[in-house]
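Since the structure comes first, as structure tokens, the remarks are kept for the end.
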Amino acid sequence: MNDTSPAGAPAAARYDARSAEPRWQAAWEARGAFAVPDVPPPDARKYYVLEMFPYPSGKIHMGHVRNYTLGDVVARYKRARGHLVLHPMGWDAFGLPAENAARERGVHPAKWTYENIAAMRAELKRMGLSLDWSREFATCDPEYYGQQQRLFLDFWRAGLVERKESWVNWDPVDGTVLANEQVIDGRGWRSGAPVEKRQLSQWFLSITKYAPELLDALGTLDRWPERVKLMQANWIGRSEGARVRFALTEPVRDIREVEVFTTRPDTLFGMSFLAVAPEHPLAAAVAERNAGAAGFIAECRRMGTSEAAIEQAEKRGFDTGLRVAHPFVEGAGFPVWIANFVLMEYGTGAIFGCPSEDQRDLDFARKYGLRVLPVVLPTGADPAAHSIGDTAFTGDGTIFNSGFLDGLSTGDAKRAAIKALEERGAGDGVVNWRLRDWGVSRQRYWGCPIPVIHCEACGAQPVPANQLPVKLPDDVDFSRPGNPLDHHPTWKHVDCPSCGEPARRETDTCDTFVDSSWYFARFCSPRAAAPVTREAVDAWLPVDQYIGGIEHAILHLLYSRFFTRAMMATGHASVAEPFAGLFTQGMVTHESYRGADGRWLYPEEVERAAEGGAALHRETREPVTVGRVEAMSKSKRNTVDPGAIIERYGADTARWFILSDNPPERDMEWTESGVAGAHRFTQRLYRLVVGAVPGLPPPGTGAADATGAARRLRQAAHRSIAAVTEALETFAFNSAVARIHELANAIGDTEAAAADRGMASARREALEIATRLVAPMMPHLAEELWAMLRPGEAALVAELPWLEADPALLATETVTLAVQVLGKLRATIEVPAGADEATILAQAEAEENVRRAIDGRPVRKRIHVPGRVVNFVV
RNA sequence: GCCCGCCUGAUGGAAUGGUAGACAUAGCGGACUUAAAAUCCGCAGCCCGCAAGGGCGUGGGGGUUCGAGUCCCCCGGCGGGCACCA
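In structure tokens, the structure reads:
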């Protein structure tokens, strides 16, 4: 910014964040203001604040700035409230982008990652976060992932690790396993080749063993957003239903029956077909002798493994020609289809289709001309007239067309059907879970090696503890496709720890979600020679306030909840729930711009006359099309570099704008005018203090007996303490900002009367209050102001306790009541705080406007809500 | 497709079921200045009216209530997640 002071003006006329911020950061660091011990002293009230650690992509982005600002406000506030605050930072450093960089630019993933970390650490430090940097680590440090390997082996011994087959996206041209995001419209992102599903033997963590507990314990998480708990509950997906066995009329190979899971056994009589997933063993058996089936299955394989892609694809099926018997209907045979919308991972991988009461089944039946027999009659409907068109009836009602179930409610019919199935040996009532075990194997280099050795004779063997960590080899070749660990010349060749014969190292590495499933525990004792130090995790866990993006609402948080339980089962922790409080922030968005040639433009390339006004290219002066406001992304170039913002305005301005713009759980829009406005406020506060200091009395004198305007200023200041405190407690940071604006306005209004003695004392008090209320949000500015208000004082604002409002100054003498007639506002009245109801009602009814609205009609009811409203019903 | 959210002036938003629009941004008018920036003061939901006042108004439609931005139902738009992006 080119806001140079006019020549001759005192240098202090403007706040220079660029020189002040590093100065205060150095002061905090010199005093070790934010460092805490691994094991807090027994009398300490601990508080663990954690923000989701960043992936080291190279530069911090506004989402990080928002996340870490929110956490820092909480950390600084809780520290002021007398807590010993653990507030660490680290790096989620394994993952695909490092490998992509290696393949595209020939940089080693480790070099790329550690250089990115160094750059991002420097940027974070400039934000003035109250972090204990001595605890920093990266998940790609062998000290970290080595401990993770110990955990993995402990879990294995505890029966929480399994080896199973599962499906992956395979790029047949690149010869590589693809992540879902690398599959675009069913093709590999680099090769463009149609993707195939392939079955691999992989490592799984047995999260399903904890499914009931993970579901039930959601009820104890009272400081989690309801929607996150709902999403997790749906994801875990407990459902009660029946497993039904359908006998094939003639066996295929050795398969004699098909087992189906259904939540709607009440609709069994409405069945018109049975469908199995393309990966179902029956489908494979049919394909052996039926080329059409084999072709259909091959087509389904090209859909990839993403559930979204599968469910959005057009529903298609293949009639196998097989038939199954119905458990309740003598002699009826129903066709068996292979269908692309049946998921092998859910239930038994097979369904029975009742088109009348299920929309997907109905769409399928209409497409292939299968029977649609209604079996649930909506309450009050005429059985003769009820028919199904294009919409299935999925609600409750009375069963009909269903033999022995006729006349029962859907609920009773479910129970009756299950009972009948059990009697006939054709099925059972069961509880089914949607949650699947966690496949952690990745066929990639840049991850934590899974510490296993495969031996022909002994099978899979754990790597002995004295050989941990299993380190990644440095000399890897990214010029070939596939997993560099797999085609490394020597790395995988080891001797079996059990029999000593030549064996093969596991070349799969861990899903990076494993790395982030226990980092919060590691932060408690980051240099421990074991995964954790028990005294440290027992003292610090759970995290009291966890803050991060809503995009992690399910997977990361659920995996962490599972991991903590697994750590408890293996003696590494004493709590089951890692995060007592959770706050999910919204994204940072920005307008997007396109130039005349259709290319995306960066915000700094665009000049706007005014908000909503015409936009021009800063250099070419060509018109610019202003696009939608959307999440900042490199591809749309609608990003703002936090480094540049901090360089220009200072960290406090960026922090203040981020906090002031909107509620933190919502998406915020980054606007240039908004930052400029935030920056103006930093200058305004500074000016208020600089201007006032020469006329202020010494600290702590004469405010108590203030009267008139001075007392009103004191009331405003103390009400600000109460309001800002309340706002900080509830994450209403934008409201806290508004209240501080109001206080600054109130102080500004008293400038003319500053010479008055009582007022001068009140102004000192109000300025000190404003300074300390602003401190969690703009910590550097607060220190600067405090140093001017209290020169020579030893303590920094960062070390001061939080303020308490004087209750005497919070009380109000009169209240304003809204007076309504039939719910419409007609007047407001001013009444003394303790006035009795009869007086208030009389005063309200006497109001000119109220009398006119009542218009002589009899008043049927008088409603008085104390302190709020009076309503006359006529 | 399925699960979960969100929608209030020009803009971001405020509002224990009780005065809708606090606070801020942009805008307009004024003061200061040779001028600009900065700063300070004032105006401001929409419509009718000189005013007093009245009508309408929180994505659309319906409902519950003395009273609905807030609770319920339906619809629309936008966003997050869908198990190998992190």
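Per the numbering used here, residue -10 is the first one in the first sequence, and the count goes up by one each step.
Positions of the beta carbon are idealized from the N, C-alpha and C atoms, including for glycine.
Unbroken beta strand (DSSP E) run spanning residue i, endpoints
i	result
SER155	150 to 160
THR874	Outside the modelled stretch of the chain, which goes from -10 to 863, sits residue 874, for which no answer is possible.
THR573	571 to 574
TYR37	35 to 40
VAL854	850 to 854
SER190	185 to 194
ILE536	534 to 538
ASN421	416 to 422
ALA264	262 to 265
LYS813	813 to 821
PRO387	Sequence check: residue 387 is Thr here, not Pro. Note, THR387: beta strand (DSSP E), 386 to 388.
THR165	165 to 167
Residue of the options minimising C-alpha distance to residue i
i	options	result
ASP426	CYS499, ASP205, ALA402 and ILE196	ILE196
VAL810	GLU248, ILE852, SER750 and GLY575	ILE852
ALA415	PHE317, PRO855, ASP379 and ALA354	PHE317
MET777	LEU762, LEU73, GLY135 and LEU756	LEU756
ILE327	GLY338, GLY747, GLU319 and GLY320	GLY338
CYS129	ILE106, SER180 and ARG110	ILE106
GLU715	GLY175, ALA794 and GLU40	ALA794
PRO270	CYS499, GLY632 and ALA283	ALA283
PHE23	ALA111, ASP484, PRO372 and LEU73	LEU73
VAL233	VAL420, MET78 and ALA558	VAL420
THR501	ALA16, ALA82, ARG12 and LEU113	ALA82
SER487	VAL150, VAL441 and GLU112	VAL441
ASP174	ALA222, SER46, ALA297 and LEU113	ALA297
Span of the alpha helix (DSSP H) around residue i
i	result
GLY230	No alpha helix (DSSP H) holds GLY230; the beta strand (DSSP E) holding it covers 227 to 241.
CYS289	280 to 290
ILE442	No alpha helix (DSSP H) holds ILE442; the beta strand (DSSP E) holding it covers 441 to 444.
ILE543	ILE543 -> no alpha helix (DSSP H), and no H or E assigned at all.
LEU359	First-last for LEU359: undefined, no H or E at that position.
LEU140	131 to 146
Identity of the residues DSSP links to residue i by a beta bridge
i	result
GLY177	VAL172
ALA314	GLY322
VAL452	In the DSSP output, where bridge partners are listed per residue, VAL452 has none listed.
VAL859	VAL808 and HIS853
CYS499	SER430
GLU248	ARG234
ARG493	HIS443 and HIS482
ALA354	None, per the DSSP bridge assignment.
ALA620	THR578
THR614	ARG583
Cβ neighbours of residue i in the same chain (closer than 8 Å, five flanking residues each side left out)
i	result
MET657	ARG55, GLY575, MET576, VAL577, THR578, ILE647, ASP650 and ASN651
SER549	SER505, SER506, TRP507, PHE509, PRO567 and PHE568
MET621	HIS50, MET51, GLY52, MET576, VAL577, THR578, HIS579, ASN627, THR628, VAL629 and TRP659
Residues near residue i in its chain [Cβ-Cβ closer than 7 Å; skip 5 each side]
i	result
LEU118	TYR57 and ASP61
GLU524	VAL28
ASP844	none
ASN472	GLN432, ARG433, TYR434 and THR496
PRO324	PHE262, ASP308 and ARG312
ALA9	HIS769 and GLU773
THR739	ALA698, LEU702, MET748 and ARG752
LYS403	PRO254 and ASP255
PRO462	HIS477 and TRP480
ARG227	LEU204, VAL420 and TRP422
PRO847	VAL863
GLY812	ASN860
Neighbourhood of residue i by C-beta, 6 Å cutoff - its chain only, sequence neighbours within 5 removed
i	result
PRO768	GLY117
Quick check: the segment 304 to 320 against the segment 211 to 224, are at least 3 beta-carbon pairs closer than 8 Å? no
Counting beta carbon pairs with one atom in the segment 246 to 265 and one in the segment 391 to 402, are three or more of them shorter than 8 Å? yes
Segment contact, 8 Å Cβ cut-off, at least three pairs: the segment 759 to 767 with the segment 715 to 732: yes
Do the segment 146 to 160 and the segment 188 to 195 touch if we need at least three Cβ pairs shorter than 8 Å? yes
With a cut-off of 8 Å, do at least 3 Cβ pairs link the segment 92 to 99 to the segment 35 to 46? no
Do the segment 76 to 90 and the segment 602 to 616 make contact, defined as three or more Cβ pairs closer than 8 Å? no
Three or more beta-carbon pairs under 8 Å between the segment 355 to 372 and the segment 278 to 293, yes or no? no
Any contact of the segment 544 to 559 with the segment 661 to 676, i.e. 3+ C-beta pairs under 8 Å? no
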